[in-house]
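This report concerns only the one structure given below.
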Amino acid sequence: MKFSSKRHQNNTKMLIKKKIYDIKEGIKFLKKFKKTKFSESVDLACQINIDPKKTEQNIRGTIILPHGTGKTIKIAVFAPEEKKKIALQSGADLVGLEDLLEILKTQKKNIDFVLATPESMNFVKNLGPILGPQGLMPNYKDGTITNDLPQIIHNLKKGTIKYRNDKNGIIHSSIGKIQFPLEKLYENILFFLKHIKKSKPNQLKGFYFKKINLSTTMSPGIIINHLSI
744 MKFSSKRHQN NTKMLIKKKI YDIKEGIKFL KKFKKTKFSE SVDLACQINI
794 DPKKTEQNIR GTIILPHGTG KTIKIAVFAP EEKKKIALQS GADLVGLEDL
844 LEILKTQKKN IDFVLATPES MNFVKNLGPI LGPQGLMPNY KDGTITNDLP
894 QIIHNLKKGT IKYRNDKNGI IHSSIGKIQF PLEKLYENIL FFLKHIKKSK
944 PNQLKGFYFK KINLSTTMSP GIIINHLSI
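Quick note on my numbering: the sequence shown kicks off at 744 and runs consecutively.
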């Protein structure tokens with residue numbers, strides 16, 4: 744733990760106080776930081792100009808990053824017996840109904856996405872208290888209630904990420920691994936930020952981004968110039 748703290752302090756010293764970086768410059772700085780022994784994610788924290796207490800201003804959705812996230816995605820699917828085989832062949836990690844219900848209730852499986860066919864929602868609705876707080880509850884808006892399992896599973900495995908603002912109006916998202924080439928990280932970040940910007944409600948005036956922070960899993964944050972997005 745002491746090593747981690749010292750590394751973090753040394754990395755922080757490399758930053759220029761109050762400096763605002765453009766995206767590529769920020770990525771270059773992250774790559775200069777002393778690395779950990781594990782593969783760190785590159786993370787964005789975007790504070791947007793909304794009132795989180797107003798439901799109509801909150802945003803959520805999914806997006807497929809151009810170069811994926813570098814993470815192995817685990818998917819659980821609620822589907823009847825006749826659709827179980829196609830879900831597994833498409834790449835689902837867990838498929839079932841009552842049996843899957845019990846697994847998700849009693850075991851931690853580090854699932855990234857939970858899908859459901861429409862007819863299986865009678866089983867899934869009982870998992871609201873468990874899946875809801877994790878942002879895993881299937882819903883039509885995210886496309887996670889579907890009959891097109893092959894396409895959805897393919898997209899999720901390819902590098903789909905979910906996003907939503909928290910109670911402070913901040914969107915947290917991992918958009919790649921620090922080992923990615925600079926250009927791939929840049930394209931992922933720019934693609935994500937432009938997508939979020941398009942979600943700006945019409946009634947909001949002024950800049951949509953208030954602050955954008957870029958970091959790795961264990962590094963200090965770098966403030967990114969949001970005016971260039």
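Virtual Cβ for every residue (Gly too), placed ideally from N, Cα, C. Remember, it's a predicted structure, so these values are computed and weren't measured experimentally.
> Looking only at DSSP bridge pairs, what is H915 linked to?
Replying inline: In the sequence shown, counting from the first residue as 1, residue 915 sits at position 172. Answer by DSSP bridge pairing, in chain order: A788.
> Can you tell me whether F950 is buried or exposed, with buried defined as 16 or more other CB within 10 angstroms of its CB?
Replying inline: If you number the sequence shown from 1, residue 950 lands on position 207. Exposed, since its Cβ has fewer than 16 Cβ neighbours within 10 Å.
> How is A819 classed by DSSP in three states: helix, strand or coil?
Replying inline: Here residue 819 refers to the residue found at position 76 of the sequence shown. Of the three classes helix, strand and coil, the one that applies to A819 here is strand, per DSSP.
>> Looking at L870: is its Cβ nearer than 8 Å to the Cβ of L847?
In response: Along the sequence shown, read from residue 1 onward, the residue named residue 870 stands at position 127. Along the sequence shown, read from residue 1 onward, the residue named residue 847 stands at position 104. Cβ distance < 8 Å, so L870 and L847 count as in contact.
>> Give me the residue from D891, I888, G912 and A819 with the minimum Cα distance to K796.
In response: By one-based count along the sequence shown, residue 796 stands at place 53. Comparing Cα positions, the closest option is G912.
> Per DSSP, L858 is paired with what?
Replying inline: The residue you call residue 858 lines up with position 115 of the sequence shown. V820.
> Within 8 Å (strictly less), CB to CB, does T959 reach chain C?
Replying inline: Among the protein chains of the structure shown there is no chain C, as only one such chain exists.
> With 16 other CB atoms within 10 Å as the buried threshold, where does T887 fall?
Replying inline: Numbered from 1 along the sequence shown, position 144 holds the residue referred to as residue 887. Counting Cβ neighbours within 10 Å, T887 comes out buried, since at least 16 surround it.
> Based on Cα-Cα distance, which residue from D794, I816, K775 and K780 lies nearest to Q946?
Replying inline: For the purposes of this step, residue 946 is identified with residue 203 of the sequence shown, where counting begins at 1. That would be D794, whose Cα lies nearest to the Cα of Q946.
>> Quick check: the Cα distance between K852 and N801, rounded to an integer number of angstroms?
In response: Position 109 of the sequence shown, counted from the start, is the residue given in the question as residue 852. Position 58 of the sequence shown, counted from the start, is the residue given in the question as residue 801. Approximately 29 Å between the Cα atoms of the pair.
> Which same chain residues, not among the five before or five after I816, have their C-beta less than 6 Å away from its C-beta?
Replying inline: Taking the first residue of the sequence shown as position 1, residue 816 is located at position 73. Answer for I816: D855, L899 and K900, listed in chain order.
>> The alpha helix (DSSP H) that contains G769, what's its start and end?
In response: In the sequence shown, residue 769 corresponds to position 26, counting from 1. Segment I766 to K775, the alpha helix (DSSP H) holding G769.
>> So for K868, helix, strand or coil by DSSP?
In response: For the purposes of this step, residue 868 is taken as residue 125 along the sequence shown, with counting starting at 1. DSSP places K868 in helix when its eight states are reduced to three.
> Ordered along the chain, which non-local residues of its own chain (more than five positions away) have a Cβ less than 8 Å from that of S833?
Replying inline: Taking the first residue of the sequence shown as 1, we reach residue 833 at position 90. Once the five neighbours on either side are set aside, the close Cβ partners of S833 are L892, P893, I896 and H897.
> Can you give the beta carbon distance from T805 to T903, rounded, assuming they're within the 8 Å contact cut?
Replying inline: Reading the sequence shown from its first residue, position 62 is the one you call residue 805. Reading the sequence shown from its first residue, position 160 is the one you call residue 903. Correct: roughly 5 Å between the Cβ atoms.
>> Quick check on Y906: does DSSP put it in helix, strand or coil?
In response: Locating residue 906 in the sequence shown gives position 163, counting from the first residue. Strand at Y906.
> Does DSSP put F952 in a helix, a strand or coil?
Replying inline: Indexing the sequence shown from 1 puts residue 952 at position 209. DSSP places F952 in strand when its eight states are reduced to three.
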